[in-house]
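These protein sequence lines map, in sequence, to chains A and E. Adding 5 to a residue's 1-based position in the first sequence gives its number in the numbering used here. Adding 1055 to a residue's 1-based position in the second sequence gives its number in the numbering used here. By construction, the Cβ of each residue, glycine as well, lies at the ideal position given by its N, Cα and C atoms.
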Amino acid sequence: MNIFRLLGDLSHLLAIIILLLKIWRTRSCAGVSGKSQILFALVFTTRYLDLFTNFISMYNSAMKLIYLVCSYATVFLMYFKFKATYDSNHDTFRMEFLVVPVGGLAFLVNHDFTPLEILWTFSIYLEAVAILPQLFMISKTGEAETITSHYLFALGSYRALYIVNWVFRFYTEGFFDLIAIVAGCVQTILYCDFFYLYITKVLKGKQLTLPA
Amino acid sequence: LPQMQKKDEL
């Protein structure tokens, strides 16, 4: 464990908590893409299948459990408890356009052709593009609530910090995982446009609006 | 792909 990865995990945890609290306290999931949340729940499910078979540390197992519980709780709140506030008219990105190509790629490009490894690879590739429905929804509505933009900033920062972690581990341990690195770079690049808007607008107290 | 797998990351 290094400081970059710890900060990355905490940023990821912060993002998940921010979103869950936003939905729970405002009793509304307006402006949030349910499809992205379903994809994130799928990412954690396919990545943490070794939760009970491959013990790394208490921290590792605890965080995996928290991520799984919170992501399913968010999906539950959005599609059941506060379903009336779910903006399905603007959350129209076709998930199959992501899941099918990612599933195919996971079969073609992986470290080991075993079910657990292919599912892990699938989760890595899927996580890289899982935010697209959310970014697409914001581009359609042309704006995002400030709390949602904080959520996105924390979520985007997590994988950016992981990239620094991978550079650090490469130089200190000689460890690298090409699949995670390439997918992590794609994932972070997708946030660049948002990062620019967040830093130039939200940090100056303005509403996050996309140029129409 | 070259395998440098530890799966110790979240």
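- C197(A) sits exposed, since fewer than 16 C-beta atoms from the chains shown fall within 10 Å of its C-beta.
- In this structure Y167(A) is in contact with G13(A), their Cβ atoms being roughly 5 Å apart against a cut-off of 8 Å.
- When only Cα atoms are considered, L82(A) and G179(A) end up about 43 Å apart.
- The beta carbons of S33(A) and T119(A) sit no closer together than 7 Å.
- Contact check for L195(A) and I136(A): beta-carbon distance about 6 Å, within the 8 Å limit, so the pair qualifies.
- Sequence-distant partners of K27(A) (beyond 5 residues in either direction) whose C-beta falls short of 6 Å from its own C-beta, in its chain, are I152.
- Here the C-alpha atom of L113(A) lies approximately 11 Å from the C-alpha atom of P106(A).
- Put simply, of R99(A), Q212(A), C75(A), T146(A) the residue whose alpha carbon is nearest the alpha carbon of S154(A) is Q212(A).
- Chain-ordered listing is empty here: chain E has no CB closer than 9 Å to the CB of N7(A), the nearest sitting near 11 Å.
- Contact annotation for R164(A) against chain E: no contact, minimum CB-CB distance about 11 Å [criterion: below 8 Å].
- No Cβ of chain E is located within less than 7 Å of the beta carbon of I71(A).
- With a minimum length of 4 residues, the unbroken runs of alpha helix (DSSP H) contained wholly in the segment 152-208 of chain A fall at 183-205.
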